[in-house]
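Here the sequence shown is numbered in the numbering used here, starting from 1309 and rising by one per residue.
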Amino acid sequence: MGSSTQTAYLLKNRETLRKFKEIVIWFDNDDPGRKGAQEAGKILGSDKVKIVSANEKDACDTLKKYGIAEGTKKIWTYIFDAKAYSPAGVIAGEDTWDKYKEFQNLTFVPWPPFLSTLNQLTFGRALGTITMFAAGTGVGKSTLLREDFIHLIRTTDAKIGACFLEEDVGETVGGIIGLHLNKRVGLPGVELTEEEERAAWEATVGAPGRSMFVDHQGSVSDDSLIDKLEYLILSGCTYIYLDHITIAISETDEKDVNSAIDKFMSNLLKLVKKHKVWIGVVSHLRKVKSGEESFESGAPISEDDLKGSGSLKQISFQTIAISRNKNAEDKTKRNKSRLYLLKDRKTGNTGPAGAYRFDSDTGRLLEEVDSSEEEFSIEVINTK
């Protein structure tokens, strides 16, 4: 009989069964069976129940695999080794070694070379985590993400997913092609043959099996977007960019925005943990109060400036702020950005994380020696 029938039987006979000192549950070793075992444990109580963990689907398969004599011994071993029931998500201390080693052995993939200071502070980004990028409007977040995109294409074999909600797919692809060619594709006066464009496309996003894009076509809802992101993951994408979360929940009633962000971030966390992928998320910043310096003029950024719910900073494994005074009179200063590491759960590091400049001729981002605080009109941020 199926697991649902078994649990119904247990519920009906709960009082009688709980008279036994110990109850051993052995359901099929598949998703319905494991779910049924958890339900059985709830019904009969953690003080009585032990659950068998077998390599085969069931006892019959154990006998088939090992034969009657050896299989019978194996069955009794499974029964005697059954572990006390604990609710899903609760792990006994003696069973946590593998979890510890998993966290200790996180594999980090570095950021692009022009972010050398950020790499020193964070070692890069790890699968199974979320990195939050925060900056004011028009500061250059999308450019930074595209630089990282092409860096991953060139330095890894990973499949990359992109969901840039402020631009259509053609614009995103054009930006990546431009980075590959060191040319500002689409601007007047930029000479480029179709052969060059095609070759750049084939070397980057057009390479078979290397990238996927969400074509939102101007319509976004948080539930459908989560489905699309999981589709990217199931299609093999292990690094995904979401730019930006404010648009992702934009169809939500304004008074429920924080709840929508909480739900969305919780769903993102489930995705990265379940599938062991990395998602880089962009967050806009809150509106400054009257008389305060704007973030687009280089005002200091803290985690509390992220627009929306506190889950943005709480769920993220890393939070990186980008600061640029795009209103500076001097062009050189306008094109310089500075990074601040506001949070890194692995290292605990925070603070200034290097600077880079935008090359207006090539469209590339280039590393800069960390400039003075006065140049950015901001102070060192300390979140600890």
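We put the CB at the ideal spot given by N, CA and C, even for glycine.
query	result
Expected contact under 8 Å - CB spacing of K1356 and R1326 to nearest Å	6 Å
Pick from V1498, F1441, T1655, V1522 that is closest to S1631, judged by C-alpha positions	F1441
Spatial distance of H1488 from T1437 (CA atoms)	27 Å
Classification of E1347 by the beta-carbon crowding that lies within 10 angstroms, buried from 16 upward	buried
Beta-carbon gap between G1588 and Y1549 smaller than 7 Å	yes
Cα-Cα separation, V1481 to P1496	18 Å
Element boundaries [beta strand (DSSP E), containing I1484]	Segment 1477-1489 is the alpha helix (DSSP H) holding I1484; no beta strand (DSSP E) there.
8 Å Cβ shell around R1454 - same chain, five flanking residues per side excluded	T1480, G1483, I1484, L1487
Beta carbon proximity, W1334 to chain B, threshold 7 Å	In the structure shown, chain B does not exist; there is a single protein chain.
Every unbroken beta strand (DSSP E) inside the region 1336-1363 [3 residues or more]	1357-1359
Span of the alpha helix (DSSP H) around D1652	D1652 -> not in any alpha helix (DSSP H); beta strand (DSSP E) instead, spanning 1644-1652.
With 16 other Cβ atoms within 10 Å as the buried cut-off, status of K1644	buried
Nearest-angstrom beta carbon gap, L1426 and A1661 [assumed within contact, 8 Å]	4 Å
Alpha carbon of V1447 to alpha carbon of A1629, nearest angstrom	11 Å
H1552 vs V1522 beta-carbon contact at 7 Å	no
Cβ-based burial, G1652 [other Cβ within 10 Å; buried from 16]	The displayed chain sequence assigns Asp, not Gly, to residue 1652. Buried, since its Cβ has 16 or more Cβ neighbours within 10 Å.
Simplified DSSP state of Y1317, which is helix, strand or coil	helix
Check whether L1649 and L1429 have beta carbons under 7 Å apart	yes
Buried or exposed by the 16-neighbour rule on C-beta atoms within 10 Å, applied to N1635	exposed
Coil, strand or helix - W1384 by DSSP	helix
For A1568 and T1670, the rounded distance between their alpha carbons	39 Å
Three-state secondary structure assigned by DSSP to M1309	Because the pLDDT at M1309 is just 47, under 50, the model does not fix this residue reliably, and the point stays unresolved.
Contiguous alpha helix (DSSP H) assignments of at least 4 residues, all confined to the region 1424-1479	1424-1430, 1449-1463
Assigned exposure category for W1586 - 16 Cβ within 10 Å defines buried	buried
Stretch pair the region 1404-1416 + the region 1357-1364: three plus CB contacts closer than 8 Å	no
Beta-bridge pairing of G1659 - partner residues as DSSP gives them	L1649
Boundaries of the beta strand (DSSP E) in which L1371 is found, first to last residue	First-last for L1371: 1367-1374, but that is the alpha helix (DSSP H), not the beta strand (DSSP E).
Classification of V1677 by the beta-carbon crowding that lies within 10 angstroms, buried from 16 upward	exposed
Nearest to L1624 (by Cα), restricted to the options F1572, G1469, E1675, E1637	In the sequence as presented, Leu is not what sits at residue 1624; that position holds Ser. Here the closest residue by C-alpha is F1572.
Bounding residues of the beta strand (DSSP E) (the contiguous stretch that carries D1389)	That residue, D1389, is in no beta strand (DSSP E); it is neither H nor E in DSSP.
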